[in-house]
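As structure tokens, the structure follows; a few thoughts come after it.
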Amino acid sequence: MRKSLLGSLAALGMLSAAPFAAASTIEIQVNNTMSEGGSESAAVERFAEYLEEQAPGRFNVRPFLAGSLGGENSVLELLNLGQTQISITGGNWRQQYAPEYDAITVPFVFSTWDEVDAYMESPSGQKLVEIAEEKGGIKYFGTQHRGPRQMTANKAIHSPDDLSGFRLRLPSLPVWLEVWEEIGAQVVNVPAPEIYLAMQTGQVDGHENSLSSPYTRRLWEVQDHIIMTSHVMFPWNWVASKQWWEGLDAEDQDVIAEAIHVARQHGTEVERELDEYYLEQLQANGMTIIEPDVEPFRQAALPAIERILSEMAEGVMDDALGEANDD
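Now the structure itself:
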């Protein structure tokens, strides 16, 4: 994790000083909005290593991290045009191409990664993928798990009742606002760079994000509690330009698909280890870890969840909620 990704790839011979590799070499740009040092760059490195192990000198992997080719939407457009090859992308592709099938974005619908992956394999999830391929010109390869989104708070939160009057910072995502307001929180929109100051001045009482947020922002200086709600399981997704992919030989497609599978598993494991590390460090710096019964939060959110899902495509609610929707 501490070694330079670029240095590692150069040592493997996976980077070329020339703008384009030799004609016999396939260039693969891999895009992501996160900076080097996390599970994302670890996955890119493993992807490159595996390709070199299986087909020495055949592929030239070039990482474009920290949004160096643009944000997620810009990269999605480049993929559509065949002007870049692969992206480890977040949820924008679901919202941009098939929002009527995007149950994953709704808080408190899924509580485990198994449930998220099962939804992507369901008829609704497969329809989502199909529409994205048709509209966005992308080839979907599967999820890479990220740390679940949790809460931080300036007081103990054990039940929805504790959120009455609680000023919760949220991004401007209407679905998230609707769910948290249904639970009882008072939603406040604050730009991400201002989260610390907003907590320090009492403008907000808490926020929600993956554990990397309170760790990297040193929020133990202005917050006392971590509330382990795991309310959104928001994966990375490996996608490729369909135009580029269909121009590859079957043999090259096979080894690239294998490399993506290996990289996704590696990135998921690194993320799990990082999440455990963040939690340990937050606790070591004085934050109290609360593991509430999440079901009352989910039940409080359910009217909003059902409203949102009922406005999506037919079958989404059943595929998302399953047996829970039959109770």
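According to mature numbering (1 follows the signal peptide of the UniProt record, and there is no 0), the residues represented by the sequence shown are -23 to -1, 1 to 304, in order. Yeah, the Cβ is synthetic: ideal placement off N, Cα and C, and Gly gets one too.
May I ask you to report which of helix, strand or coil DSSP gives His122? Within the sequence shown, residue 122 is the residue found at index 145, counting from 1. Reduced to three states, the DSSP call for His122 is coil.
Between Gly119, Glu26, Gln200 and Ala80, which lies nearest to Thr66 when the distance is taken from Cα to Cα? As a working mapping, residue 66 is identified with position 89 in the sequence shown. Nearest C-alpha to Thr66: Gly119.
Asn176 bridges to which residues according to DSSP? The residue you call residue 176 lines up with position 199 of the sequence shown. Just to set this straight, residue 176 is Met in the shown sequence, not Asn. Its beta-bridge partners do not exist; DSSP assigns none.
His208: which of Val239, Glu49, Leu196 and Glu185 sits nearest, CA to CA? Taking the first residue of the sequence shown as 1, we reach residue 208 at position 231. When only C-alpha atoms are compared, the closest one is Glu185.
Taking the CB atoms as reference points, tell me whether Arg146 and Ile172 lie closer together than 8 Å. As a first step, residue 146 must be located in the sequence shown, where it is residue number 169. As a first step, residue 172 must be located in the sequence shown, where it is residue number 195. Contact flag set, yes.
Neighbour-count burial assignment, Asn166, 16 or more Cβ in a 10 Å radius: Within the sequence shown, numbered from 1, the residue matching residue 166 stands at position 189. Label assigned to Asn166: exposed.
So does the region 195 to 210 actually touch the region 254 to 271, counting three or more Cβ pairs closer than 8 Å? yes
Is the beta carbon of Val83 closer than 8 Å to that of Val7? Here residue 7 corresponds to residue number 30 of the sequence shown, with the count starting at 1. Here residue 83 corresponds to residue number 106 of the sequence shown, with the count starting at 1. Contact flag unset, no.
Could you name the residues of the same chain whose beta carbon sits closer than 6 Å to that of Asp270, not counting the 5 residues immediately before and after it, in chain order? Taking the first residue of the sequence shown as position 1, residue 270 is located at position 293. So the list is empty, once near-sequence residues are dropped.
N- and C-terminal bounds of the beta strand (DSSP E) containing Thr66: Here the question's residue 66 lines up with position 89 in the sequence shown. For Thr66, the enclosing beta strand (DSSP E) starts and ends at Ile63 to Thr66.
Give me the Cα-Cα distance between Phe36 and Ser149, rounded to the nearest whole angstrom. Residue numbering aside, residue 36 sits at position 59 when the sequence shown is read from its first letter. Residue numbering aside, residue 149 sits at position 172 when the sequence shown is read from its first letter. Distance between the alpha carbons of Phe36 and Ser149: 40 Å.
For Gly263, which residues from the same chain have a beta carbon less than 6 Å from its beta carbon, with the 5 sequence-adjacent residues on both sides left out? Taking the first residue of the sequence shown as 1, we reach residue 263 at position 286. Around Gly263: Trp197.
DSSP three-state call for Thr245: helix, strand or coil? What you label residue 245 is simply residue 268 of the sequence shown in a count that begins at 1. Residue state, collapsed to three classes: helix.
Please name the residue in Asn9, Gly48 and Gln31 whose C-alpha comes closest to that of Arg39. Sequence index remark: in the sequence shown, residue 39 carries index 62 (1-based). A check of alpha carbon separations from Arg39 across Asn9, Gly48 and Gln31 identifies Asn9 as the nearest.
According to DSSP, is Asn9 part of a helix, a strand, or is it coil? Your numbering for residue 9 matches position 32 in the sequence shown. Asn9: coil per DSSP, three-state reduction.
Tell me where the alpha helix (DSSP H) around Glu273 begins and ends. Looking up residue 273 in the sequence shown gives position 296. The question names Glu, but residue 273 is Pro in the sequence shown. Taken as a continuous stretch (DSSP letters only), the alpha helix (DSSP H) holding Pro273 covers Glu272 to Ser287.
Inter-residue spacing [alpha-carbon to alpha-carbon] between Trp222 and Asn57: Here residue 222 refers to the residue found at position 245 of the sequence shown. Here residue 57 refers to the residue found at position 80 of the sequence shown. Taking the straight line from one Cα to the other gives about 11 Å.
Would you call the region 225 to 242 in contact with the region 95 to 113, where contact means no fewer than 3 C-beta pairs closer than 8 Å? Because the criterion of three Cβ pairs below 8 Å is not met, the region 225 to 242 and the region 95 to 113 do not touch.
Can you give the Cα-Cα distance for Glu17 and Gly124, rounded to whole angstroms? In the sequence shown, counting from the first residue as 1, residue 17 sits at position 40. In the sequence shown, counting from the first residue as 1, residue 124 sits at position 147. Taking the straight line from one Cα to the other gives about 12 Å.
Burial state of His122, where buried means 16 or more other Cβ atoms lie within 10 Å: Counting from 1 along the sequence shown, the entry for residue 122 is found at position 145. His122 should be labelled buried.
Taking only runs that begin and end inside the region 134 to 199, name each unbroken alpha helix (DSSP H) of 4 or more residues, in chain order. 151 to 160, 172 to 177 and 189 to 193
Check whether the Cβ of Glu283 lies closer than 7 Å to any heavy atom of the ligand HEM, and answer yes or no. As presented, the structure is devoid of all ligands, the ligand HEM included, so that no description of it is given.
When DSSP builds the beta bridges, which residues end up paired with residue 335? Any question about residue 335 goes unanswered here, given that the chain covers just -23 to 304.
At what residues does the alpha helix (DSSP H) containing Met97 begin and finish? Position 120 of the sequence shown, counted from the start, is the residue given in the question as residue 97. Met97 -> alpha helix (DSSP H) spans Trp90 to Glu98.
Rounded to a whole number of angstroms, what is the C-alpha to C-alpha distance between Met128 and Glu29? Here residue 128 corresponds to residue number 151 of the sequence shown, with the count starting at 1. Here residue 29 corresponds to residue number 52 of the sequence shown, with the count starting at 1. Each residue's alpha carbon lies about 41 Å from the other.
Judging by CA-CA distance, which residue of His243, Glu49 and Gly292 is the nearest neighbour of Tyr78? Indexing the sequence shown from 1 puts residue 78 at position 101. Per the Cα distances, Gly292.
Below 7 Å CB to CB, which residues in the same chain sit around Ser141 once its five sequence neighbours on both sides are set aside? Here residue 141 refers to the residue found at position 164 when the sequence shown is read from its first residue. Excluding residues within five positions, the ones whose Cβ falls inside 7 Å are Gly161.
By DSSP, does Ser51 sit in helix, in strand, or in coil? What you label residue 51 is simply residue 74 of the sequence shown in a count that begins at 1. Note: Ser51 maps to helix in three-state DSSP.
Consult DSSP for Ser16 and reduce its assignment to one of helix, strand or coil. By 1-based counting over the sequence shown, the position of residue 16 is 39. In the structure shown, Ser16 falls within a helical segment according to DSSP collapsed to helix, strand and coil.
Have a look at Glu13, Gln276 and Thr265 and flag the residue whose alpha-carbon is nearest the alpha-carbon of Leu42. Against the sequence shown, residue 42 aligns to sequence position 65. In terms of Cα proximity to Leu42, the closest of Glu13, Gln276 and Thr265 is Glu13.
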